[in-house]
Amino acid sequence: MSAAASLVADDERISLDINGETVAVHAVLSTTLLTALRDELHLTAAKRGCNQGVCGACTVSIDSEPMRACLSLAHGCAGRAVRTLEGFADDPRMQALQRAFAAGGAFQCGFCTPGMLVAAHALLGRDADPDDAAVRKALSGNLCRCTGYVKIIASVRAAARMLAGAT
Amino acid sequence: MSTLAGAVGQPLAQLEGDEKATGRALYIADLHRAGVLHGALVQSPHAHARIRGYDIAAAKALPGVRAVVTGDDLDPKHRMGAFIKDEPAFAQGKVRYVGEIVAAVAADTEEIARAAARLVRVDYEVLLAAVDPVTALAPGAPLVHDDAASYVKVFDAGTQGNVCSRTEFRTGDADAAWAQCDVVVENTYTTQAQAHLSLEPCGALAEIDASGRVTLWSANQSVFRVQASVCESLGLPMTKLRCLTPRVGAGFGNKMEAHVQPVVVLLAMRTGRSVKLILSREEDFETVRARHPFRIRVKTGAKVDGTLVAREIELLLDGGAYGDDSPGVLGYALLMQCGPYRIPHVLAHGRVAYTNKLRFGAFRGFGVPQVTFATESQLDEIAARVGIDPIALRRKNMLVPGDPWFGGQAVRSNGLAECVDTVERESGWKSAAASTRSGAGARRGRGVALSAHISGLLASGAIVRMLEDGTILLNTGAVDIGQGSNTVLTQICAEALKVPVNHVAIASPDTDGSPYNWGTTASRVTYVAGRSVVGAAAEVEKKLKEHAGEMLECSVEDLELLPGGRVAIKGVEDRAVTFAQISGRAHWAAGGPIIGTHSWVFDQKTFDPKRIAALGLPFAQIGIFSFNALVVEVEVDEATGKVRVVGAWSACDLGRAINPLMATGQVEGAFVQGMGFALTEEMVWDGARLANPSLMDYKIPTFAELPETLRAYLVESDEPSGPFGAKSVGELGINGVAAAIANAVADATGLRLRDLPLTGERVLRGLIAQGAGAAA
Numbered sequence: 688m689s690a691a692a693s694l695v696a697d698d699e700r701i702s703l704d705i706n707g708e709t710v711a712v713h714a715v716l717s718t719t720l721l722t723a724l725r726d727e728l729h730l731t732a733a734k735r736g737c738n739q740g741v742c743g744a745c746t747v748s749i750d751s752e753p754m755r756a757c758l759s760l761a762h763g764c765a766g767r768a769v770r771t772l773e774g775f776a777d778d779p780r781m782q783a784l785q786r787a788f789a790a791g792g793a794f795q796c797g798f799c800t801p802g803m804l805v806a807a808h809a810l811l812g813r814d815a816d817p818d819d820a821a822v823r824k825a826l827s828g829n830l831c832r833c834t835g836y837v838k839i840i841a842s843v844r845a846a847a848r849m850l851a852g853a854t
Numbered sequence: 006m007s008t009l010a011g012a013v014g015q016p017l018a019q020l021e022g023d024e025k026a027t028g029r030a031l032y033i034a035d036l037h038r039a040g041v042l043h044g045a046l047v048q049s050p051h052a053h054a055r056i057r058g059y060d061i062a063a064a065k066a067l068p069g070v071r072a073v074v075t076g077d078d079l080d081p082k083h084r085m086g087a088f089i090k091d092e093p094a095f096a097q098g099k100v101r102y103v104g105e106i107v108a109a110v111a112a113d114t115e116e117i118a119r120a121a122a123r124l125v126r127v128d129y130e131v132l133l134a135a136v137d138p139v140t141a142l143a144p145g146a147p148l149v150h151d152d153a154a155s156y157v158k159v160f161d162a163g164t165q166g167n168v169c170s171r172t173e174f175r176t177g178d179a180d181a182a183w184a185q186c187d188v189v190v191e192n193t194y195t196t197q198a199q200a201h202l203s204l205e206p207c208g209a210l211a212e213i214d215a216s217g218r219v220t221l222w223s224a225n226q227s228v229f230r231v232q233a234s235v236c237e238s239l240g241l242p243m244t245k246l247r248c249l250t251p252r253v254g255a256g257f258g259n260k261m262e263a264h265v266q267p268v269v270v271l272l273a274m275r276t277g278r279s280v281k282l283i284l285s286r287e288e289d290f291e292t293v294r295a296r297h298p299f300r301i302r303v304k305t306g307a308k309v310d311g312t313l314v315a316r317e318i319e320l321l322l323d324g325g326a327y328g329d330d331s332p333g334v335l336g337y338a339l340l341m342q343c344g345p346y347r348i349p350h351v352l353a354h355g356r357v358a359y360t361n362k363l364r365f366g367a368f369r370g371f372g373v374p375q376v377t378f379a380t381e382s383q384l385d386e387i388a389a390r391v392g393i394d395p396i397a398l399r400r401k402n403m404l405v406p407g408d409p410w411f412g413g414q415a416v417r418s419n420g421l422a423e424c425v426d427t428v429e430r431e432s433g434w435k436s437a438a439a440s441t442r443s444g445a446g447a448r449r450g451r452g453v454a455l456s457a458h459i460s461g462l463l464a465s466g467a468i469v470r471m472l473e474d475g476t477i478l479l480n481t482g483a484v485d486i487g488q489g490s491n492t493v494l495t496q497i498c499a500e501a502l503k504v505p506v507n508h509v510a511i512a513s514p515d516t517d518g519s520p521y522n523w524g525t526t527a528s529r530v531t532y533v534a535g536r537s538v539v540g541a542a543a544e545v546e547k548k549l550k551e552h553a554g555e556m557l558e559c560s561v562e563d564l565e566l567l568p569g570g571r572v573a574i575k576g577v578e579d580r581a582v583t584f585a586q587i588s589g590r591a592h593w594a595a596g597g598p599i600i601g602t603h604s605w606v607f608d609q610k611t612f613d614p615k616r617i618a619a620l621g622l623p624f625a626q627i628g629i630f631s632f633n634a635l636v637v638e639v640e641v642d643e644a645t646g647k648v649r650v651v652g653a654w655s656a657c658d659l660g661r662a663i664n665p666l667m668a669t670g671q672v673e674g675a676f677v678q679g680m681g682f683a684l685t686e687e688m689v690w691d692g693a694r695l696a697n698p699s700l701m702d703y704k705i706p707t708f709a710e711l712p713e714t715l716r717a718y719l720v721e722s723d724e725p726s727g728p729f730g731a732k733s734v735g736e737l738g739i740n741g742v743a744a745a746i747a748n749a750v751a752d753a754t755g756l757r758l759r760d761l762p763l764t765g766e767r768v769l770r771g772l773i774a775q776g777a778g779a780a781a
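Chains as they are written, first to last, in this note's numbering: chain A, 688 to 854; chain B, 6 to 781.
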């Protein structure tokens, strides 16, 4: 009885800026951003692969930096701009990455892909023409068990070329 | 092949590209149902204990708890298992490993379910445990199963005591052949437990309707195996369970047999509600399955010119607490231990031991990466003894077109020689003198390994339906686990009917509506399901021509399919009818809707009984053979012992690449997974408890470990029995990786390491011992 009661004792409704909209979520102090996104808002692009900050499948953008949603507390995100892959639908840089990933075989099962794309989007924001080493470094916190990474690197660079050609 | 969009041979992007790239692909954890209950597990703290009883009162009393199920809810008669029916839905009567599921809760929220799970009390009588295979097979060892011999088995497993299964193959006369050998090398090799680590943890969601029929979604590699496993373990008729699949976040063997599906179905039946349960990463490590640790004693004899003469190989597999796929892994490893070579005299035998550990099961390569590590390491030792280049020794002995596989099965396509030529040339093998490439504090070396794999096993069907407008719906029941089989099977169907791929939709697997497909496993989908698609499409073509013959008033023999969905009189292109016209006629006027079906089971015999004596053969009909040649280059840090792979060149004979983008993706992914197996990945047990069930403590390769050069080459040998000449390629690329890396480390350092993984610590210890030896 007491266990269940304590679980809801510090329940609180907070406002978050998610994908450019202000949304209200229930979050206890220990609720992670990932739980709020997935379980309450049903924004399921960010994945729960390890819930421990290692795999990177939950990577979202917080104030334009790629962050682990599983290690970010929902309360700590108040007042910050949270963007999940769903929120990048109209972003030309993300669209180039999405096209390049699909055409280049940069995903197989696709479970790591949303996190990988958000991390790659941040990379191309600060380096419009990354070499292989720069892509590896920027994405080294994102695990993929299917592709062997080769086609991900090539696809990020293909997206950079696509964007350079478009400007 | 045709030039239509997406035709066979084109690097078509995955059909699921848009949904995966936008985050809209729905995996099991993403499925939401109004009013769903959440499941939570109670796990065993003991390696081996008898369950005397349960106290679930406190758990049930927690507000929001809807059901608590224990072994008391299971009938001990109902057991599942691919080879040996030894496994209950979850622990019943005894627990057999730390972490085993012993009870489960369904509650309104996950928090309440987990809180209630902590309140379940189990009264255990702790028993002595057998946590490694040597101990388990020693006289007087505690029995993991009280009466394993009594279980139902699907083949002659020889189960007795803690021997889960035993298999033995003999050809020629190995005992007498040793006398003909100039060189005999004998060593023992060991391999470790590897975690599959599909990034998506396992999970399931069950719904129940008013009649009590359950619909089940789960992370899986076969909706039909899920149906069979759940029904066997819960004693349900198959008509009571419909299995479907969401997108699957990869499976490397871990999702083929059951994980939590039986638990979730039982909770749904108890509550009459929808129940969802997604494993945490730690629970996934502790309760699903892993790659078998092998102990491999192998002795190989050769002539002084390098000709292989004889081999004896003995395997001991840690099977863990339940049979699962272990008997198959043992039998397959013994079938493949010869590698793609002629060895006239062979004794190959082995056992699987039951132990009080997590079950071990299918994992990409299915035992071949383990035996290949031993046998290809040993071939290099023989090459060194007789003074022949490692590739030259392999060329001298390898199967050439026309040679059968070990045991006599005909090999109809064999592109191995081209694979070897390719990697030798592309890697610059002959120019690779190790001494010239060593930097300060680092030593470089190269290694080679050849291997093979089957494509095949068991049954698959396909249904090709022409829709009213002349477009096509393909239904195979094969689960795409991310490797791209939906795309490849669609390309095959489109090619067969000469339409662009966007005229074909592929149905999601559904045990109610799909034809049987054993599973996405054994590198079988392109080959086995692909053949079914070709067969079903041929039936559609026949019906199309029957209609067209009547419509054009000509004989069916005079008709041909034209690209783009038309049937025409041969050579008279304007005398044609479209698929839409034909299908409209079939739906509304004559013959009925056009449906083509095909179903088959792989039926070529594994062994020729005149050539081989076999005991305990788990696969009487297994598959056709694909081949791989692999060269790697490594750099070994002399200060830390750390091995870094700097280059890898992998050539696969896959018959024909239906989709080269996806085929090379399989080869690259398999290489990197094999690199983890070779160098860093190891599940470690502290006594009976898994000590590293987390991604913090279990290291898979990242971008940082990727070699500077990783090249995949596709060799097309045109398999006559395959769809458009194709064989499958899903597993092949992992088989030689650990062996090639070990051979490269030996080339770089002179150290022959026979225990995986080749961690920095292990290599450094070897280098220090080597230095001490040289100083003394």
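Idealized CB from N, CA, C, for every residue including glycine. Keep in mind it's a predicted model, so treat the numbers as computed, not measured.
Identify the contact partners of residue i in chain B, using a Cβ-Cβ distance below 9 Å as the criterion.
i	result
residue 826 (chain A)	707, 708
residue 779 (chain A)	Within chain B, no residue comes near residue 779 (chain A); the closest Cβ sits about 14 Å away, beyond 9 Å.
When the distance is taken between beta carbons, is residue j closer than 7 Å to residue i?
i	j	result
residue 758 (chain B)	residue 778 (chain B)	no
residue 210 (chain B)	residue 36 (chain B)	yes
residue 718 (chain B)	residue 427 (chain B)	yes
residue 365 (chain B)	residue 324 (chain B)	yes
residue 380 (chain B)	residue 333 (chain B)	no
residue 724 (chain A)	residue 783 (chain A)	no
residue 351 (chain B)	residue 193 (chain B)	no
What in chain A is Cβ-close to residue i, meaning under 9 Å?
i	result
residue 746 (chain B)	Here the premise fails: no neighbours, minimum Cβ distance about 15 Å.
CA-CA distance, residue i and residue j?
i	j	result
residue 766 (chain A)	residue 485 (chain B)	41 Å
residue 778 (chain A)	residue 805 (chain A)	11 Å
residue 439 (chain B)	residue 394 (chain B)	Below a pLDDT of 50, predicted positions are generally treated as unreliable, and residue 439 (chain B), at 48, falls in that range; no measurement from the model is reported.
residue 266 (chain B)	residue 283 (chain B)	10 Å
residue 159 (chain B)	residue 89 (chain B)	7 Å
residue 417 (chain B)	residue 529 (chain B)	17 Å
residue 775 (chain B)	residue 148 (chain B)	42 Å
residue 704 (chain A)	residue 419 (chain B)	59 Å
residue 732 (chain A)	residue 358 (chain B)	42 Å
Closest to residue i by C-alpha separation, out of the options, would be which residue?
i	options	result
residue 722 (chain B)	B:732, B:551, B:383, B:542	B:732
residue 755 (chain B)	B:350, B:530, B:386	B:386
residue 226 (chain B)	B:241, B:260, B:288	B:260
residue 840 (chain A)	A:754, A:811, A:725	A:811
residue 681 (chain B)	B:630, B:355, B:743	B:743
residue 328 (chain B)	B:153, B:15, B:714	B:153
residue 321 (chain B)	B:331, B:627, B:315	B:331
Taking all protein chains shown into account, do 16 or more other C-beta atoms lie within 10 angstroms of the C-beta of residue i, making it buried, or fewer, making it exposed?
i	result
residue 729 (chain A)	exposed
residue 689 (chain B)	exposed
residue 644 (chain B)	exposed
residue 274 (chain B)	buried
residue 238 (chain B)	buried
residue 847 (chain A)	buried
residue 696 (chain A)	Annotation note: pLDDT 46 at residue 696 (chain A) (below 50); position unreliable, no value reported.
residue 18 (chain B)	buried
residue 13 (chain B)	buried
Could one say the Cβ of residue i lies closer than 7 Å to chain D's Cβ atoms, at least one of them?
i	result
residue 834 (chain A)	Checking the listed chains, one finds no chain D in this structure; the protein chains it contains are A and B.
Which chain A residues sit within Cβ distance under 8 Å of residue i?
i	result
residue 132 (chain B)	Chain A residues near residue 132 (chain B): none, gap ~32 Å exceeds 8 Å.
residue 674 (chain B)	795, 832, 833, 834, 835
List the residues of chain B whose Cβ lies closer than 8 Å to the Cβ of residue i, in chain order.
i	result
residue 799 (chain A)	204
residue 789 (chain A)	18, 19, 22, 23, 25, 26
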